[in-house]
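Engineer: Below you will find the structure I want to go over with you.
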Amino acid sequence: MDVFILLLEGIFVSFEPLNLGLLVFGCLIGLFVGAMPGLGSVNGVAILIPITFIIPPTAAIIFLAAVYYGAMYGGAISSVMLGIPGASTAVATVFDGRPLAVKGEAMTALTAAAVGSFVGGTVSVILFTLFAPPLAEVALRFNAPETFALMVMAFATFVGLGGDDVPKTIFSILIGLALSTIGLDLITGKPRLIFFNIPGFLHGINFLVLAIGIYGIGEMLWTLEETKGKVQMSKLSVNMKEVGRAFGALKKTIMAMNIGSFLGFFVGILPAAGATPASLMSYGITKQLSKNSKEFGSGVPAGVVAPECANNSASTGSMLPMLTLGIPGSPTTAILLGGMILWGLTPGPLLFTQEPEFVWGLIGSLYIANFFTLVLNIALIPAFLMVLRIPFAILAPVIFVLCVTGGYAPTQSLHDVWLMLLFGFAGYILRKLDYPVAPAVLSIVLGPLAEKALRQSLILSDGSMGIFFDMAEKPIAAIIMYIAIVLLIMPAFGPLYRKFFKKAQTT
Amino acid sequence: MSIIKKLALVIVSLSLVAVSSVSSAKPFSPKKPIELIIPAGQGGGADEIARLVQGVIEKNDYASKPVIPINKKGGSGGEAMTYVKKKAGDEHTLIITLNNVLTTPVNQPELGIDFFNDFTPLARLITDTFLVWIATEGKNTQGVETFDDFIALAKGNGLVMGGTGSMSEDELLLGMMRGQFGFDAKYVPYDGGGAVAKGLVGGESDFTLNNPSEQMGFYQSGDSKALVMMTPERNPAFPEVPSSYELGYPDLEYYMMRAFMAPAGVDAEVEKYYTGLLHTVYHDDEFQTFNIDDGKLMSWLEGFGLKDFLAIEYAKHGEIIKNFD
Amino acid sequence: MSVTNKITVKRAEIAVAVILALCSIALMIKSVENRITWNAEENMGAGFLPFYLSLGMLICTVLTIIKFVLKRSPQSKDDSPFIEAEAFKYIAVTIISLVILVLAIGYLGIYFSLIFFLAFYLRYFSSKSVLFISVFSLITPVLTFLFFEWLLKIPLPQGISEPLFYPVYDFMYS
Chain A
3 MDVFILLLEG IFVSFEPLNL GLLVFGCLIG LFVGAMPGLG SVNGVAILIP ITFIIPPTAA
63 IIFLAAVYYG AMYGGAISSV MLGIPGASTA VATVFDGRPL AVKGEAMTAL TAAAVGSFVG
123 GTVSVILFTL FAPPLAEVAL RFNAPETFAL MVMAFATFVG LGGDDVPKTI FSILIGLALS
183 TIGLDLITGK PRLIFFNIPG FLHGINFLVL AIGIYGIGEM LWTLEETKGK VQMSKLSVNM
243 KEVGRAFGAL KKTIMAMNIG SFLGFFVGIL PAAGATPASL MSYGITKQLS KNSKEFGSGV
303 PAGVVAPECA NNSASTGSML PMLTLGIPGS PTTAILLGGM ILWGLTPGPL LFTQEPEFVW
363 GLIGSLYIAN FFTLVLNIAL IPAFLMVLRI PFAILAPVIF VLCVTGGYAP TQSLHDVWLM
423 LLFGFAGYIL RKLDYPVAPA VLSIVLGPLA EKALRQSLIL SDGSMGIFFD MAEKPIAAII
483 MYIAIVLLIM PAFGPLYRKF FKKAQTT
Chain B
854 MSIIKKLALV IVSLSLVAVS SVSSAKPFSP KKPIELIIPA GQGGGADEIA RLVQGVIEKN
914 DYASKPVIPI NKKGGSGGEA MTYVKKKAGD EHTLIITLNN VLTTPVNQPE LGIDFFNDFT
974 PLARLITDTF LVWIATEGKN TQGVETFDDF IALAKGNGLV MGGTGSMSED ELLLGMMRGQ
1034 FGFDAKYVPY DGGGAVAKGL VGGESDFTLN NPSEQMGFYQ SGDSKALVMM TPERNPAFPE
1094 VPSSYELGYP DLEYYMMRAF MAPAGVDAEV EKYYTGLLHT VYHDDEFQTF NIDDGKLMSW
1154 LEGFGLKDFL AIEYAKHGEI IKNFD
Chain C
-4 MSVTNKITVK RAEIAVAVIL ALCSIALMIK SVENRITWNA EENMGAGFLP FYLSLGMLIC
56 TVLTIIKFVL KRSPQSKDDS PFIEAEAFKY IAVTIISLVI LVLAIGYLGI YFSLIFFLAF
116 YLRYFSSKSV LFISVFSLIT PVLTFLFFEW LLKIPLPQGI SEPLFYPVYD FMYS
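See below:
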């Protein structure tokens, strides 16, 4: 029970005046950068590293944790209000969050995101406190073959996401994967698919460029065509009845919260996986297990809760490989890690015993940050909803400005802004012809992770795929792989099975 | 339309004012934030030093404008170098080096980077070295106590080495050792020194050639041990690890340099300013303490000394690459 | 009859499928620059995945074309215009103004380009007063500057307008 005392101490530390002030300020900054397309917690965290030389390390880490958590929420806000995922962790939030907003139920979507995130954050802090040391051992054994199996599973949970036209859906998946191979090949160190020798392709195609293009530019063009620039983004009303309804809708999302919290945490602790696959898998699995899985994608609160719950849970979980193994799961944790090293802390197995105040101060402040962002978010919902009241003719150019700055900022390259325009236009045309675009975005997010793990595994096995099915040597990889295969073929056999089963009942 | 015309007028007149105000010859001082290009991703060794330099400058007000680190990791630093090349004459751009500035121009001739003419070397602050690491409980390296044990084992068995990416420093080092000791290993690239260290302790690889700081956590916990350090002398951060000179392998010497360069074609005044700024950072107590504790070698070098050093290293890397395939 | 009526959904469907097929082929050809084999002697080459992924893309587009020829897809029977004339005008104006914006960013810098873009776009699409448009077009770049350069310290491209910002930086960091 010592850990609980340490955690409580960590939480109390967060309430010192300086720390509390920094916490609230950090949450606000995080919310802002998270809600801006193209910017994420990484930008918020990066500017703070120099400041942390001036304030004590504990205050610094509290500040950084607040930014991190604030940005997690912020991503959901831009997914719901603008339809543009603010970060890769919020991609799945667009799928149902956006339709909800368009239906006039933005309030429900934002409430679901805030409460879901809070639940995910809470469950993961408890799990972290109880199981951190033994789980560090699991994370250590989770190597390339296991990671690849997990990626296959993530794809498998998304089988049902495409449209009705099978060739067009598969095309969308493949083009996302193909785009993700552009850039430097990690394994051979050779540049790959550098079209016309343009140096901009050397850094590959960031998922954000595709996502902002398709969901930002493409969606705007789509709306422009539908409305001819004359109407508001959506219907909207805020009154007490709406508030009650928003919270009432959460009752149906308990399963999504459970899946999101636990799955999110366990995927989050795996090195190199992190919050993005966690949120995608959580959405996919919740959809598959739901009684009304057909309604997913048309705006159900559970479709917002599942990814939001999972990404917050996973971001707490991802602190584990960062602290104990020194592996950053994301650019943000990479900078946090850099900060830790600059403060003279050495990430590694000994950190928990050598620097308990730091570790539990971090976890405690994550929790308090989580609580504050919930309060801030619920309080700010009316302000966010104002966005929807802005006439489309004014909102559209503002969104274009956000897209351009968001396309530029992550890589500081105009090349990416051009690509973003191209993807936006192409995405708009393809969408008009019933090519589903979501699978391409998912593929470009997961593709690089999957390819790297696959090819690392193949080096170890001298090119044999057997490494993924070897129950004796790599049981974890094999088990995940078999589950993934079952998930992959289930949708194909599902209707057959049901048909057979029903016949058996009637006869 | 009249608004636009007026605006255009304002812009033109403002720019005239600005242009006339900058064209006087004074000692250089930065007029806008200084971009510090990092040819690697967030969280790596170069990134760490860049952000440390940024922090030290900001905290002590060493410069009148802030330093802004920008990561351009594409193409083994190729993207960063192309960017700096294009910025020839720009007075507010610096680049921190990894050794990929020595290898990428050779490996990717299509980028058209001329190492000697596209950059203005300012100063070398630090050199980082490499160690041969094995896991304490490594299943394929049981009983290995010394570097010679390791060579004997590696010769007979195809060991797996974890590294930070193909054609990066550690794979070149593997190539160098292959020539010297006659063993080969299966090279598995990860991204980042942290992942390499974890792969070793997690049992996926048998040995690594990591920087000191990348393995520090597992070294302190006793999960991994170092067999040799590729320097003439022992390092105070790793007192019991022998140097390659002690073991009788003076050819096994390798450094990663942390130097700073400006684009080509900057004025001598600008060069002087930044070299002076870096010198101030170098002698900052916090900067010194941090790097020494982290096992790095403080090794200031500027001017002709630096140019000679770079020429030698460039030739040496060219040689390694040539022998590689 | 305008041009937009001639571009029917049917025609757009086949044109896009053919363009995508050509893109897939181009991608396959580009992939061959890296080794695309994967066999017992040599492990998976760097070009293997891009090559077979683009082959898969090609197969999908061919299937789409076959479905079109056999009239199995809804688009293959749809003779309505792909886009209405009025909507086309809006889309075209938007895309062209965005392209000009990005071109201008490279030369004039982002902050001044934004002023012109916003002024034009709002004038064209909204019925707001000149005063509102002027204020809005000037304030947005200022806020963008404060947010990116001052708060987040992310430099945005300034092109030839860079010297104009030196006094601003002097003021910010003094």
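Protein chains in written order, with my numbering: chain A, 3 to 509; chain B, 854 to 1178; chain C, -4 to 169.
Every residue gets a Cβ at the ideal spot worked out from N, C-alpha and C, and that includes glycine.
(1) Determine, for N260/A, whether the minimum Cβ-Cβ distance to residues of chain C falls below 8 Å.
(2) Report all residues from its chain with a CB closer than 7 Å to the CB of I110/C; omit the five preceding and five following residues, and keep chain order.
(3) Measure the C-alpha to C-alpha separation of S877/B and V906/B and round it to an integer number of angstroms.
(4) Does any heavy atom of the ligand ADP sit closer than 7 Å to the C-beta of G104/C?
(5) So does the segment 276 to 283 of chain A actually touch the segment 88 to 96 of chain A, counting three or more Cβ pairs closer than 8 Å?
(6) Y1107/B and L1026/B look like a contact to me (Cβ under 8 Å); what is the Cβ gap, rounded to whole Å?
(7) Give, in chain order, every residue of the segment 34 to 45 of chain A whose Cβ lies closer than 9 Å to some Cβ of chain C.
(8) Provide the residue(s) that pair with V1081/B in DSSP beta bridges, ordered along the chain.
(9) Under 8 Å between the Cβ atoms of T183/A and F6/A?
(10) Using beta-carbon positions only, say whether L489/A and A108/A come within less than 8 Å of one another.
(11) How many angstroms separate the CA atom of V163/C from the CA atom of Y1043/B?
(12) Buried or exposed: V64/C, going by 16 or more other Cβ atoms within 10 Å of its Cβ?
(13) Using 10 angstroms around the beta-carbon of A1121/B, count the other beta-carbons present and answer buried if the total reaches 16, otherwise exposed.
(14) Less than 8 Å separating the beta-carbons of I271/A and L322/A?
(15) Going along chain B in order, which residues have a C-beta closer than 9 Å to the C-beta of L490/A?
(16) Taking its Cβ as the centre, do 16 or more other Cβ atoms sit within 10 Å of I116/C, making it buried, or is it exposed?
(17) Whole angstroms are fine: how far does the CA of Y1040/B sit from the CA of M467/A?
(18) Do you know whose CA, among F43/C, L50/C and E36/C, lies nearest C18/C's CA?
(19) Using beta-carbon positions only, say whether R194/A and L181/A come within less than 8 Å of one another.
(20) Which full runs of the beta strand (DSSP E) of 3+ residues lie inside the segment 1071 to 1118 of chain B, going along the chain?
(21) Could you tell me whether the segment 1148 to 1163 of chain B touches the segment 1007 to 1017 of chain B, using the rule of 3 or more Cβ pairs below 8 Å?
(22) In the structure shown, what three-state DSSP assignment does K1175/B receive?
(23) Give the secondary structure of K879/B by DSSP, where H, G and I count as helix, E and B as strand, and everything else as coil.
(24) CA-CA distance, T89/C and G220/A?
(25) Can you say whether F969/B is buried or exposed, counting buried as having 16 or more other CB atoms within 10 angstroms of its CB?
(26) Taking CB distances under 8 Å as the criterion, tell me whether F1071/B reaches chain A.
(27) Kindly give me the distance between the Cβ atoms of F1000/B and L1100/B, rounded to whole angstroms, as I take these residues to be in contact under 8 Å.
(28) In terms of residues, what are the limits of the alpha helix (DSSP H) holding W362/A?
(29) What is the rounded straight-line gap between the Cα of P880/B and the Cα of D943/B?
(30) What residues in its chain sit with their C-beta under 6 Å from that of N379/A, if we drop five residues either side in the sequence?
(31) With a threshold of 8 Å between beta carbons, is L146/C in contact with chain B?
(32) For G178/A, which residues from the same chain have a beta carbon less than 6 Å from its beta carbon, with the 5 sequence-adjacent residues on both sides left out?
(33) Where does G270/A fall in DSSP's three states?
(34) For chain C, is any of its Cβ atoms less than 8 Å away from the one on A395/A?
(35) Which partner residues does V920/B have in the DSSP bridge list?
(36) DSSP puts P1042/B in a beta bridge; with which residues?
Structural biologist: Taking the coordinates as given:
(1) Not flagged as an interface residue toward chain C: N260/A, since no C-beta distance is shorter than 8 Å.
(2) Beyond the five residues adjoining it in sequence on each side, I110/C comes within less than 7 Å, by CB distance, of S132, L133 and P136 in the same chain, given in chain order.
(3) With a pLDDT of only 47 at S877/B, under the threshold of 50, the placement of this residue in the model should not be trusted; the figure read from the coordinates follows. Put simply, the backbone Cα of S877/B is about 30 Å away from that of V906/B.
(4) With respect to small molecules bound, the structure shown includes none, and the ligand ADP cannot be examined in it.
(5) Because the criterion of three Cβ pairs below 8 Å is met, the segment 276 to 283 of chain A and the segment 88 to 96 of chain A touch.
(6) With a Cβ gap of about 6 Å, Y1107/B and L1026/B count as contacting.
(7) Answer in chain order: F34, V35, M38, L41 and N45.
(8) DSSP, once it has assigned bridges, lists V985/B as partnering V1081/B.
(9) Taking 8 Å as the Cβ cut-off, T183/A and F6/A do not qualify as a contacting pair.
(10) One thing to note: L489/A has its Cβ no nearer than 8 Å to the Cβ of A108/A.
(11) About 44 Å.
(12) Under this definition V64/C is an exposed residue.
(13) In this structure A1121/B is exposed. Its beta-carbon is surrounded by fewer than 16 other beta-carbon atoms within 10 angstroms.
(14) Yes. Within cutoff.
(15) Chain B residues near L490/A: none, gap ~26 Å exceeds 9 Å.
(16) Correcting the residue identity first, residue 116/C is Tyr in this sequence and not Ile. Label assigned to Y116/C: buried.
(17) Approximately 18 Å, taken between the alpha carbons.
(18) When each option's Cα is compared against that of C18/C, the closest is L50/C.
(19) Cβ atoms of R194/A and L181/A: not closer than 8 Å.
(20) Here the runs fully enclosed are 1077 to 1082 and 1108 to 1116.
(21) Three or more beta-carbon pairs separated by less than 8 Å are not found between the segment 1148 to 1163 of chain B and the segment 1007 to 1017 of chain B, which leaves the two stretches without contact.
(22) Note: K1175/B maps to helix in three-state DSSP.
(23) Here K879/B sits in coil by DSSP.
(24) Spanning the two alpha carbons is a distance of roughly 11 Å.
(25) By the neighbour-count rule (16 or more Cβ atoms within 10 Å), F969/B is not buried but exposed.
(26) For F1071/B, the answer is yes, since a Cβ of chain A falls inside 8 Å of its Cβ.
(27) Taking a contact as a CB-CB distance under 8 Å, the pair F1000/B and L1100/B counts as one, their CB atoms being some 6 Å apart.
(28) That run of the alpha helix (DSSP H) goes P358 to R391.
(29) Cα to Cα, P880/B sits roughly 16 Å from D943/B.
(30) The answer, listed in chain order, is Y75 and A116.
(31) It does not: the Cβ of L146/C has no partner Cβ on chain B nearer than 8 Å.
(32) Hits under 6 Å: A442, S445 and I446.
(33) In the structure shown, G270/A sits in a helix (DSSP, three-state: H, G or I).
(34) At least one chain C Cβ lies under 8 Å of A395/A.
(35) The partner list for V920/B (beta bridge, DSSP) reads I887/B.
(36) Residue pairing for P1042/B: DSSP places it in a beta bridge opposite G1016/B.
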